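Visitor: Just passing along the structure, written as structure tokens.
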Amino acid sequence: MTETAPPAARKKKRGSSLPRLAQAGPVSVWMVLFVTIPMLFIIYISFMTRNTFGGIEYKFSLTSYKTLLDAIYFVVIAKSLKVALVTTLLCLLLGYPFAYYIARKPPQVASKLIMLIMIPFWTNSLMRLNAWMLLFQTNGPVNNALLSLGWISQPHKFIYTDWLVMVGLITNMLPFAVLPMYSSIEKLQNSLLEASADLGARPSVTFRKVTLPLTFPGIFSAIILTFIPALGIYTVTDMLGGGKVLYIGNIIKNQFGVIRNWPLGAALSVLLLLITALLIFIYTRFARIEDMEVV
Amino acid sequence: MGNSIVSLQHVEKWFGSNHVVKDMNLEIEEGEFLTLLGPSGCGKTTTLRMIAGFEDATSGTIEVQGERVEEKEPFQRDVNTVFQNYSLFPHMTVYDNVAYGPMIRKVPKDEIKKRVTEMLELVQMSGYEKRKPDALSGGQKQRVAIARALINNPRVLLLDEPLGALDLKLRKQMQIELKRLQRKLDITFVYVTHDQEEAMTMSDRIAVMRDGVILQIGKPTDIYDHPRTKFVADFIGESNVFEGTVSRAAGGLLTVETPQGVVTTCGEGFQPGEKLYVSIRPEFVSIGPAASESFSLPAKVKDFIYMGAVTKTSLDLADGKEIKLSRFEADSAVHEGDGVFVSWDPARSVAIKAEEVQQ
Amino acid sequence: MKSTKSRKLRRQRSSRFWSGFYAVLIYTVFYIPVAVMIAFSFNDAPRNYYWQGFTTRWYAKLFSFANTDLWDALIYSLIIALLATAISVIIGVLGGIGLKKFEFRGKKFINMMIYVPIIVPEIVLAVAMLIIFITIGVKLGMGTILIGHCTFCIPYAVVTIKGRISGDNETLQEASMDLGANRRQTFWRVTVPSIMPGITSAAFLSFTLSIDDVVMSNMLSGATQSTLPVLILSMNRTGLTPDTNALTTVMIALLVIGLLTVNAFQRRRRKKDARLAAEAEMAISSAHGG
């Protein structure tokens, strides 16, 4: 019998497109309205000019982008990138062993351990940052302890430093690093590690050649979920930096507050978007974005 | 002929450019236990799902109890399904699972209770009403799934490889139970499996499928004794298949020349010079020390496999082709390496036309 | 032979000790700010700079509702969080189910868009929405804050739900329809209950994200009422009053108590179910076997 092409499909009888529309519709509409359009608009604005009164003149110009190349802004951008990078690396280094520890526990115990991580994060993040401030105050517990131990001769100024901001960042971002890595490690089958050992690999070799490569998706998710938010923070710097420490996030916010230079703020935002897009692009080389472990 | 309770006519199914079911015509008789048997990918599950309503046929008509059902949703058809993975609702107890169908149809509560109790007793799961599915074993889930389907008094019950996940002993037990159930309730069962032993055990009729087509449909004994294609001969039970050419055809007997020697088989409708297959089941092969009168193929005994009830003997024929025979007891006179002669009763072998596909 | 065995045991035990020690260390780092925060709610000082003595007067002040700013902000945050959770869960759960099941043109695009609020820094999102709202002339206030919150809650809800729906779900729906339930009945009786854990997860996540949100709320509130986090942020300049510590302590205490209660409830119910089932089976088997 010769193979013929499929005949025209008969008319779809199944409950029409209503359920399809009702289910996937609202989310799609919302996303387009409140994500796509604003994003496009912000790109558009970044190419506009700022008029003298702080509003927007709809005249095409590249001023905002040129400003970014100014030394001041450039320094801030570079600093933000550096801090975000260091934060991410530290979160990975600190978080991976922790995630590994939890992942090797039986599932019941593991879920309780995860819950234990989440509880502190139900407190207001600003209050927690404030707590770090209180700890590292000039007359605060840390300084007092260091003084009494004789490690320093006079109170060290921890607050309003890059360093403290990084501590605040790390403590805030660590769960975002731990969770995806935990997810990935948990999926690692024991039998693979056993096979590796059976074939003669020492634990360190097994780790390098089996565990690490297979948990890479989790690690990469952790990078994305840590680096990018770290780039855009301003609350941490506000609370712990006291306005002395300025990163990209702060500058963007200021453009929409006191300074009123929307195109510049938009341009900076576009810059952040570009960095984000670049990272995502690299990620999609290894996996689909839908495979990213988030929660 | 009987009444066809389910009728498929010229049913075709395409998945994209994949032609999964090809011009299927099937009449299922009321009260019969029909099995769709075939290897994975042959389209048997798709066919079942089209009857249930989870897939739409690309073209063709499907009738259940005389009514056309292609336009009907699954919940509008009077058929019920037992799924491969049981598909018990995990958030409901056994009772609620079984009561689901009647509950949807708004049957009064005490009536439901009566029926659920009856059903659970029928499948020997009384007392498990309050259990949740995750606290049941595979066999138990199976039975609950059957009760859940049968409580709706369907005229046709569709079963999609329901015993696949059970261990051997349990599976054999369930096969017998299912068959008894079917007889007792006098419901039409349409069963899908790739296990030919299972099909042989339970079915009134078997439809052997391959590549979207029914190769042969008939009673188990018919299919076993008279396979019409090489594939069916191979798939059902074990058989030794020889390729050859007819050299003489007379009085219902064919003389066939094969690379291993000359054999005789019964067969009609073949012409001299025609290519064909000759299939002989292992239990009908005999060996002897010397050539017998009808025909003999020289062979060397290779090895014995002791399988408990039967012993299988493997022999190598002249050109190295292997032939198997099975006996209830090992023939103690024969040893490995012996040179013997192999033969069979021509009435027991089957002549199969080459490249034949029939319905 | 014996020495290698004990050496291996010792190595395993020591590595287990150190990894446990490390875990405790990390947990400490997480909990230190919480402990400090709780401690300073008892601080006898007008502003939280230094420790000046123990007192419970802040709790008294808190529950006397004297600090109307604080309570106004809290109520405001709660209302927004509840609304945001409701909207986000409905849209997100439906969306998660729909996106998993159906194929349609532009699906890839929508999938990508869903990840944008999760990945992109919140400030960019907030700023983008701010610009649009002002340009169109929408007045900033509860509505805009709500929209902002939903915009990042919905994706988390969608992703949570998608993670919980397995292929099993499809066959459960088929089974339901096979037994006579139509699509609507199947949705409410089978689909929703079977993903209930995912729904509660999504709801919980949305609520947490909303009530703790600073960036979006800050940008989109304009000159109107502040949410609690925004209030705290603005207070940071002049120094926080310990009654905010008291409030947050109470909030987290309630949360933990709530969590433990729910947990205890679930355990009790599961035990009850198992006990009932076992009793029923024993009754039957003794009736049969005597």
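Chains as they are written, first to last, in my numbering: chain A, 1278 to 1572; chain B, 7 to 365; chain C, 1452 to 1741.
Don't be surprised by glycine CBs; every beta carbon is placed ideally from N, CA and C.
Note that this is a predicted model, so its numbers are computed, not measured.
#1: Residues of the region 1634-1660 of chain C with a CB closer than 9 Å to any CB of chain B: list them in chain order, please.
#2: Please tell me whether residue 1625/C has its Cβ less than 8 Å away from any Cβ of chain B.
#3: Is residue 1468/C close to chain A, meaning its C-beta is less than 8 Å from at least one C-beta of that chain?
#4: Which word fits residue 1551/C, buried or exposed, when buried means at least 16 other C-beta atoms lie within 10 angstroms of its C-beta?
#5: Counting only beta-carbon atoms, is residue 68/B nearer than 8 Å to chain C?
#6: Within the region 1365-1401 of chain A, note down every full alpha helix (DSSP H) run reaching 4 residues or more, in order along the chain.
#7: Going along the region 34-66 of chain B in order, which residues come within less than 7 Å of chain C, judged by CB to CB distance?
#8: Chain B beta carbons: is any one of them nearer than 8 Å to that of residue 1554/C?
#9: Should residue 16/B go down as buried or exposed, given a rule of 16 or more other Cβ atoms within 10 Å for buried?
#10: By the criterion of Cβ-Cβ separation under 8 Å, what are the contact partners of residue 248/B in chain C?
#11: For residue 1375/A versus residue 1510/C, is the C-beta spacing smaller than 8 Å?
#12: Can you name the start and end residues of the beta strand (DSSP E) that residue 19/B belongs to?
#13: Could you check how far apart the C-beta atoms of residue 284/B and residue 271/B are, in whole angstroms? I think they sit under 8 Å.
#14: Indicate whether the contact test is met: 3 or more Cβ pairs, each with one atom in the region 1394-1401 of chain A and one in the region 1449-1466 of chain A, closer than 8 Å.
#15: From which residue to which residue does the alpha helix (DSSP H) around residue 1558/A run?
#16: According to DSSP, simplified to helix, strand and coil, what is residue 25/B?
#17: What does the alpha-carbon distance come out to for the pair residue 343/B and residue 311/B?
#18: Could you tell me the alpha carbon to alpha carbon distance between residue 1462/A and residue 1382/A, rounded to whole angstroms?
#19: According to DSSP, is residue 85/B helix, strand or coil?
#20: Using C-beta distances below 6 Å, list every residue in its chain close to residue 152/B, excluding the 5 sequence neighbours before and after it, in chain order.
#21: Pair every Cβ in the region 221-230 of chain B with every Cβ in the region 192-211 of chain B, then say whether three or more of these pairs are closer than 8 Å.
#22: Would you tell me roughly how many angstroms separate the C-alpha atoms of residue 325/B and residue 25/B, rounded to the nearest one?
#23: Residues in the same chain with beta-carbon distance under 8 Å from residue 131/B, minus the five sequence neighbours each way, listed in chain order, please.
#24: State buried or exposed for residue 1737/C, treating a residue as buried only when at least 16 other CB atoms are found within 10 Å of its CB.
#25: Using 8 Å for Cβ pairs, my map puts residue 1313/A next to residue 1488/C. What's the rounded Cβ distance?
#26: For a contact defined as C-beta to C-beta under 7 Å, what are the partners of residue 1732/C on chain B?
#27: Grab the span of the beta strand (DSSP E) containing residue 246/B for me, first residue to last.
#28: Do the region 1652-1671 of chain C and the region 1571-1589 of chain C touch if we need at least three Cβ pairs shorter than 8 Å?
#29: Would you verify that the beta carbon of residue 139/B is, or is not, closer than 8 Å to some beta carbon of chain C?
#30: Return helix, strand or coil for residue 1505/C, following the three-state DSSP convention.
#31: For residue 1461/C, decide whether its Cβ has a neighbour in chain A, counting only Cβ atoms nearer than 8 Å.
#32: Using a Cβ-Cβ cutoff of less than 7 Å, which residues in the same chain neighbour residue 1371/A once the five nearest sequence positions on both sides are dropped?
#33: At a Cβ cut of 7 Å, what residues of the region 1526-1551 of chain C count as close to chain B, listed as they run along the chain?
#34: Which chain C residues sit within Cβ distance under 7 Å of residue 168/B?
#35: Answer with yes or no whether the minimum CB distance from residue 1431/A to chain C is below 8 Å.
#36: Is any non-hydrogen atom of the ligand PLP found closer than 7 Å to the C-beta of residue 1718/C, if you look at the structure I gave you?
Guide: For this structure:
#1: 1634, 1636, 1637, 1640, 1641, 1644, 1645, 1647
#2: yes
#3: no
#4: buried
#5: no
#6: 1384-1395
#7: 58, 60
#8: no
#9: exposed
#10: Within 8 Å Cβ-Cβ: nothing; residue 248/B doesn't reach chain C, min ~45 Å.
#11: no
#12: 10-21
#13: 5 Å
#14: yes
#15: 1539-1563
#16: strand
#17: 15 Å
#18: 11 Å
#19: strand
#20: 88, 129
#21: yes
#22: 39 Å
#23: 100, 146, 149, 150, 153
#24: exposed
#25: Not quite, the Cβ-Cβ distance comes to about 39 Å (not below 8 Å), so this is no contact.
#26: 133, 134
#27: 246-256
#28: yes
#29: no
#30: strand
#31: no
#32: 1451
#33: none
#34: Simply none; closest approach about 13 Å.
#35: no
#36: This structure simply doesn't include the ligand PLP, nor any ligand for that matter.
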